[in-house]
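These notes are about the structure you will find just below.
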Amino acid sequence: MVGGSFTFLAVDGTGRPSDPASRATIRSQCMKGVNVRQNSRRSRRKAKNIEVHSQETAGPETKDTSIIRRKESSLHRTSSLRNERLYSQLFGSLSMSVDDFGFDSSLFPSSIMQTVMKYNNIIESVYPLDTSLNIQKWMIDDFQFLYQNKTLLSAIYLATHAVDDLRCSTRLSSWTQQLLCNILSSLNRDLHQAAGQQSSTIMMTILILLFPAEVLHDFGAVRSHLEGVKRLLMIRDNVPTGLDAKLLYKIQQFDLRLALASGRPLHLALEYNGYPLLPMPPIATPDILQKLKVYSPWVIEAFQNLEALTQDIKDAMIARNDLIWADFQSQINDIQTQLLDPNNDCAGTEEALRLGMLAFLTTLSRSPVRRPQLPELQGQFESSYTEMQDHNMNHKTFAIWVMMMGFFSTVEVSNPIVGDLWDVVVDYDLSWETMRDMILAEDLPWIDFIHDGPANEAFVYLQAQRTLL
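Sequential numbering of the sequence shown, starting at 8, is according to our numbering.
Below, the structure written as structure tokens:
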């Protein structure tokens, strides 16, 4: 740039000039002012011309130029005040000040603060239970971690840039790829240290690395990260507590989706010793299972555990309390491990219920870019839908719930199998409100703030399709 003007050049995909003329322009710009003798006649003549030109153009300051300069200064101050007000409003809404972080927040420039806020916005869309139940602590945790580990800060930059890249492309930009390589190198160094193996920042960094690997369908990388987490847990004696339990629950969501995509066993099936084959005591068998004639003890137990989990979430929402993450993670672990145990075989209604419960677990987190593909689970749902239609499913509310769980997780509402089953089990004049009340009346697993929105969209679409036929 010379004299306040820009020169635009054509470049290739790597950022290098694509033609000789552009390269010559760059060399010319770079050589200006180089190898110039300060006392030569040419230098003195050039300096004199510049001085004369500045005297001619300076002149006395007019009223207009004074006003313009004051406006520019005012705009600069307003912009600075606006940024300060933004941060103060943020911390005020969280009922805390920067002093509550326990360290000097001036260590973080505004660009880092903005990146962390953007990252937290992504987290809000990915983990509805986390942000809906705990508005303040996750922000403090993030800043504490950043203060402790620069690798994590790089990972947060990776998360925000990867989301931007993958929302408009199917691959990461070269800058994001280089950042990913640097993070993997730093993570490898940290893991060779005993302190790093015990650090929660390692778990959080791995959690962030799992996101681009899953979206890019790099399942080999997903498996490698999950195996790394498994080894870290072995070092810690498989006793996750506090924040580690919340991070582990989030990582296990990736493990669940990988199993549902590939049909392979879970990597992080922790402390699972199998379930009894004898019938459970018939003390609290849900009414819906009696109606469906579900007798398998492990299916009944899994359903009861999922009912208890759902109730814990609802109670926490009502009381505005955070979940007890150690208990929550343990419940999730037991349910999904039981439902995916290859020794637990079932068919018909019990298989449909098993699929619905697995799909329910996948709705506890979402992708900020696009819904992950789960081909194994999708094929199982399609087979179950076909069987429901062939056997003229009598329990229509249960069939609707199973269909909805399939929509939330992997099945497209435009799937022809879906339309055929929908026409059989859903009345033409059924309203969304009535359908929702039917599901809740049967005490089927349902969380309003997670499921109502997408269920309403699917319902409206499928009912509208009937009017077009």
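Ideal Cβ positions, reconstructed from N, Cα and C, are used throughout, including at glycine. As the structure is a prediction and not an experimental result, all values here were calculated from the model.
Spatially closest choice to residue i from the options, by CA coordinates
{"i": "A333", "options": "A309, E440 and Y256", "result": "Y256"}
{"i": "G227", "options": "S269, Q259 and A462", "result": "S269"}
{"i": "H224", "options": "S118, S207, R378 and L469", "result": "R378"}
{"i": "C188", "options": "L265, A220 and S207", "result": "A220"}
{"i": "D352", "options": "N328, D329, Y302 and L330", "result": "Y302"}
{"i": "D348", "options": "L267, N195, L469 and S390", "result": "L267"}
{"i": "G386", "options": "V376, M210, N422 and T369", "result": "N422"}
{"i": "L165", "options": "P135, F335, D137 and I129", "result": "I129"}
{"i": "Q260", "options": "L384, N127, L360 and L214", "result": "L214"}
{"i": "S391", "options": "T369, L360 and V376", "result": "L360"}
{"i": "T404", "options": "V376, W439 and L277", "result": "W439"}
{"i": "F335", "options": "K253, E234, T369 and F415", "result": "K253"}
{"i": "D459", "options": "T370, D322, I331 and E308", "result": "T370"}
{"i": "C175", "options": "R443, N350, V222 and F415", "result": "V222"}
C-beta atoms of residue i and residue j nearer than 8 angstroms
{"i": "I424", "j": "T393", "result": "yes"}
{"i": "V418", "j": "F466", "result": "no"}
{"i": "G363", "j": "V409", "result": "yes"}
{"i": "Y411", "j": "A448", "result": "Tyr is not the amino acid found at residue 411; the sequence shown has Met there. No. Outside cutoff."}
{"i": "L299", "j": "F367", "result": "no"}
{"i": "L194", "j": "T158", "result": "yes"}
{"i": "Y468", "j": "V420", "result": "yes"}
{"i": "S372", "j": "Y126", "result": "no"}
{"i": "I190", "j": "A169", "result": "no"}
{"i": "V376", "j": "L136", "result": "no"}
{"i": "I454", "j": "I320", "result": "yes"}
{"i": "L384", "j": "S337", "result": "no"}
C-alpha distance - residue i paired with residue j, whole-angstrom precision
{"i": "W429", "j": "L239", "result": "46 angstroms"}
{"i": "A471", "j": "I407", "result": "16 angstroms"}
{"i": "Q200", "j": "L365", "result": "37 angstroms"}
{"i": "L216", "j": "S118", "result": "22 angstroms"}
{"i": "L451", "j": "F310", "result": "9 angstroms"}
{"i": "D436", "j": "H398", "result": "23 angstroms"}
{"i": "D197", "j": "V236", "result": "14 angstroms"}
{"i": "Q318", "j": "Q297", "result": "20 angstroms"}
{"i": "Q184", "j": "T212", "result": "16 angstroms"}
{"i": "T344", "j": "L275", "result": "9 angstroms"}
{"i": "G413", "j": "F218", "result": "22 angstroms"}
{"i": "L346", "j": "T441", "result": "30 angstroms"}
{"i": "E464", "j": "D444", "result": "16 angstroms"}
{"i": "H402", "j": "T208", "result": "48 angstroms"}
{"i": "L277", "j": "W182", "result": "37 angstroms"}
{"i": "A326", "j": "P293", "result": "25 angstroms"}
{"i": "M210", "j": "I307", "result": "34 angstroms"}
{"i": "N350", "j": "T177", "result": "38 angstroms"}
{"i": "M395", "j": "I295", "result": "17 angstroms"}
{"i": "N328", "j": "E131", "result": "17 angstroms"}
{"i": "V431", "j": "I446", "result": "17 angstroms"}
{"i": "G426", "j": "S192", "result": "49 angstroms"}
{"i": "T32", "j": "R51", "result": "26 angstroms"}
Residue environment, residue i, which counts as buried when at least 16 other CB atoms sit within 10 Å
{"i": "N340", "result": "buried"}
{"i": "L381", "result": "buried"}
{"i": "I457", "result": "buried"}
{"i": "V229", "result": "buried"}
{"i": "D262", "result": "buried"}
{"i": "L179", "result": "buried"}
{"i": "W305", "result": "buried"}
{"i": "A315", "result": "exposed"}
{"i": "D251", "result": "buried"}
{"i": "T248", "result": "The predicted model places T248 with a pLDDT of 49, which falls under 50 and marks its position as unreliable; any figure quoted below should be read in that light. Exposed."}
{"i": "T85", "result": "Confidence is the limiting factor: at T85 the pLDDT is only 47, short of 50, which leaves the residue's position unreliable, though a coordinate-based value still follows. Classification for T85: exposed."}
{"i": "R271", "result": "exposed"}
{"i": "E357", "result": "buried"}
{"i": "V123", "result": "buried"}
{"i": "I258", "result": "buried"}
{"i": "R264", "result": "buried"}
{"i": "I242", "result": "exposed"}
{"i": "I331", "result": "exposed"}
{"i": "S206", "result": "buried"}
{"i": "N280", "result": "For N280, the predicted structure reports a pLDDT of 41, less than 50, and the residue's modelled location is therefore unreliable. A value from the coordinates is still provided. It counts as exposed."}
Neighbour flag for residue i against chain B, beta carbons, 8 angstroms
{"i": "E440", "result": "Reference to chain B is not applicable here, since this structure consists of a single protein chain."}
The ligand COA heavy atom lying under 7 angstroms from the CB of residue i
{"i": "I295", "result": "As for the ligand COA, it is missing from this structure, which has no ligand bound."}
> Curious, which full-length beta strand (DSSP E) runs of at least 3 residues does the stretch 374–443 contain?
Replying inline: Listed in chain order, the beta strand (DSSP E) elements of length 3 or more contained wholly in the stretch 374–443 amount to none.
> Can you list the alpha helix (DSSP H) stretches of 4 or more residues lying completely in the stretch 304–329, in chain order?
Replying inline: Counting only runs of 4 or more, we get 304–326.
> Can you list the alpha helix (DSSP H) stretches of 4 or more residues lying completely in the stretch 190–260, in chain order?
Replying inline: Fully enclosed alpha helix (DSSP H) runs of 4 or longer: 201–204, 207–222 and 226–242.
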